[in-house]
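Numbering (mature numbering (1 follows the signal peptide of the UniProt record, and there is no 0)), first residue to last: -21 to -1, 1 to 903.
Dropping the structure here:
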């Protein structure tokens, strides 16, 4: 991969008299300290819900010969009109905004409207087609950065600019929407149009990442997605001058190269730009098992949103936020240029557009979005600008500053010094863009992503309940040097894959790679676990044959649907015979009950299951919220109490509020119930899958009354904490509770599937070992392990600022370079997790650094340990020895529908913790 370096010298970027000077080709067309409107006489302008100038900023623009149209979305309350216009005649002024098409289209602070009316709720971007029509993309979401109200469904209104009348309305079908869909940008593809209504529109869904395609000629819509459209947690925090803010936004920047048919796109939280050909998007919804054909264009020096394509040479024009600049890259010549730089006027370029009235000119929106977001806006400064930038007509133009193309294959980090020793020390070298060109100066199409396996983007992935890891990223410089991303490595090509320097060399065993180091307190030999139960397919018992027949006939029991996820074990006092429980969540229909106890009855496919605590608790399938709807995992505490986490949803339809149900296993009776308040979950998005109960008054002295419950929400990207004594709960979100698209492809035994899940695995530091107690957690779609002190996470007052709360309290532990599933920690402080590749159980002493020297392979079996989704450490009451119990389920085959019911698919296995750590073999 070649790096293209932007050389910025003092002579290029600054005039001698001022470090703030803008390059001569940039003009300020309009500028405002705070935006104001040409209000109607009766407008309630003193009502802050109707008008709050501190909350109004511009995110999109479209330019005609005489007017400039701007979009001011309802990020916060107090935005009176979401689409307005100003005259283009005078430059440098601060005009009042005129509502467009008129004030009747605004629904701000109104209740007398219907969503079927011609109204506009919140428009982020607008575009003009060749028929002189203005396309308005209405997200339908009010206060997206406050309480995220879905006021109306998203839509497009098309307005004839000759008459200022709406000539077409496009309502999006529910099938292309997801729980929190936010449509923020669009490009119009007229390359094959035979008339004005024969176009394709490509639309970004930023919060539920994907691209929605609208074929206006046929009036049909579909949706596609890819990990490249998701935010990267490593780039959640953006920095502009002295301000830093955290925003995990997916795909938002879009641009279209009409000549080559290429759609460029970028999430906000990434350092990459990607592309997809128009024919790929036009082909319709993806067939099952096919991956979207995405190409990696290159890397930038920082995050950004605004994208455009130069009209003369099809250069990609972009704006890295931290560098407060606008730059271009020519894909044909691999040449890069700095078009403009200004620390004040180029802060946060939200949108860029060309105009037919002025060929060769780019208009851009510059705003201090970060100040709006952080609520530290200075109303005495200019905070919104519309800029006009004349583009160079050729690569030889003196208005741009071409960059030297290195003649060698550079894998150096951004900002490497010593390459241009004659330049000044200050700002001597900036690296804005990295392109995967094979040879300097030659035309090289961006790399193509390989197919990643079996996936289906037409439906939300139902498999979300498994444990995995994350950790703090290294610096960007370190990451660029040593860590290649999935989004880099899935491109075909001969670029070498450098290994992280902290890891030991890989060794080969039985066709699988694993890494083995010196370790700490581990025996170097790995062992297999003891098989306790196994199934070809699950065998459900019913109260009677009539109930079974009714369940089969109604579709509430489909033998091919159930998939076990979790295992937990209870030893009654003074008993050596454990009771075993497994969970079978209702990803969809066909699961008769979601929590079962194992019996001694042998059936043709395996041991029979009995509903727990009874069939009646499950039989309503979500219509009775006093029962159980869908259980992913449970936790049995030292007092013999089973804590059941009921997600309350089936196929992301929220039948009941998520709840914690506590049963006394001595009597099987309900002793406690807590329903999550609406502020703690996201209906149709949240799926709570892992409960972890920390008892601070365990027996024999205590009675398990002092409990804190931690609940992972991988699809809602958060953790909920419930203080049982206080009777309250609170929600935590952080960039580390999100998935990393780099690890969105999961490969098990040679089969791959696509899944982007957030926090899943939870474990806590045991009591009494002399360490500060931490909550360890990781996302399924990540390689990182992260921790946070219990005294921090258990204090609700620390979490009042959403994703920006307590940022410095999250403790980086380390990377694995692979996903891991379920995890647990022993009483002595040994952490266990089921890795996806190699297929085995790994262990780590939490007193040591989380490195591959210390994370050791303890059990290995590529057949019996395929996807360990359930893991518990159980202490036997008689001898107080600890046992590791695991449930594996071959999820990759279940996900693809390739389960062979003539083979063993589900297993429960165990081993003594001491036997595993000491390497003496698992004894019965």
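A virtual CB, placed ideally from N, CA and C, is assigned to each residue, including glycine. Bear in mind the structure is a predicted one, so any value in this text is a computation, not a measurement.
- Distance check between residue 352 and each of 550, 54 and 152 places 54 closest, using alpha-carbon atoms only.
- As the crow flies, the alpha-carbon of residue 509 is around 20 Å from that of residue 804.
- Positions of the alpha helix (DSSP H) runs, each at least 4 residues long and wholly inside the stretch 194 to 282, are given as 257 to 261 in order along the chain.
- Cβ contact annotation for residue 327 (same chain, cutoff 7 Å, sequence separation greater than five): 219, 300, 345, 346, 347, 348 and 349, in chain order.
- Straight-line spacing of the CA atoms in residue 222 and residue 355 works out to 10 Å.
- If you look at residue 526, you'll find it isn't in any beta strand (DSSP E); it sits in the alpha helix (DSSP H) that goes 524 to 533.
- Rounded to the nearest angstrom, the Cβ distance from residue 185 to residue 145 is 25 Å, too far for a contact under 8 Å.
- The beta-carbon distance between residue 116 and residue 140, rounded to whole angstroms, is 16 Å. This is too long to meet the 8 Å contact definition.
- The beta carbons of residue 209 and residue 735 sit closer together than 8 Å.
- The secondary-structure analysis by DSSP pairs residue 518 across a beta bridge with 587.
- Of the candidates 644, 822 and 818, 822 places its Cα closest to the Cα of residue 812.
- In the structure shown, residue 83 falls within a helical segment according to DSSP collapsed to helix, strand and coil.
- Contact between residue 594 and residue 569 does not hold, since their C-beta atoms are separated by about 16 Å, which reaches or exceeds 8 Å.
- Cβ-Cβ distances below 7 Å link residue 207 to 253, 273, 466 and 720 in the same chain, with the five nearest sequence neighbours on each side left out; the list follows chain order.
- Here residue 33 is not bridged, per DSSP, to any residue.
- Taking a C-beta distance under 8 Å as the contact criterion, residue 281 and residue 250 qualify as a contact pair.
- Per DSSP, the continuous beta strand (DSSP E) segment holding residue 365 begins and ends at 363 to 369.
- Under the rule that a run must span 4 or more residues, no alpha helix (DSSP H) segment is found entirely inside the stretch 586 to 624.
- Residue range 870 to 875 is occupied by the alpha helix (DSSP H) that includes residue 871.
- Annotation for residue 750: no beta strand (DSSP E) segment contains it, and DSSP assigns it neither H nor E.
- Between the stretch 673 to 680 and the stretch 638 to 657 there are fewer than three C-beta pairs closer than 8 Å, too few to call the two in contact.
- Excluding five sequence positions before and after residue 289, the CB atoms of its chain that fall closer than 7 Å to its own CB belong to 296, 307 and 370, given in chain order.
- Selection 142, 738, 30 and 261 evaluated against residue 199 yields 261 as nearest (Cα-Cα).
- When rounded, the separation of the alpha-carbon atoms in residue 630 and residue 216 is 32 Å.
- At a cut-off of 3 residues, the continuous stretches assigned as beta strand (DSSP E) that sit fully inside the stretch 122 to 201 are 134 to 139, 144 to 150, 162 to 168, 179 to 184 and 189 to 194.
- From the listed residues 747, 657 and 693, the smallest Cα separation to residue 708 is found for 657.
- Excluding five sequence positions before and after residue 76, the CB atoms of its chain that fall closer than 8 Å to its own CB belong to 14, 15, 16, 17, 49, 51, 60, 63, 64 and 65, given in chain order.
- CA-CA distance, residue 100 to residue 843, rounds to 54 Å.
- Rounded to whole angstroms, the gap between the alpha carbons of residue 634 and residue 597 is 13 Å.
- In its chain, beyond the 5 residues on either side, 42, 43 and 44 have a beta carbon closer than 8 Å to the beta carbon of residue 336.
- If you draw a straight line from the Cα of residue 744 to the Cα of residue 836, it is about 21 Å long.
- Residue 365 is a Cβ neighbour of residue 9, given a cutoff of 8 Å.
- Put simply, the backbone Cα of residue 746 is about 8 Å away from that of residue 806.
- In this structure, the alpha-carbon of residue 143 lies about 9 Å from that of residue 81.
- Less than 8 Å divides the Cβ of residue 693 from the Cβ of residue 739.
- By a beta-carbon distance limit of 8 Å, residue 764 contacts residue 792. Their separation comes to about 4 Å.
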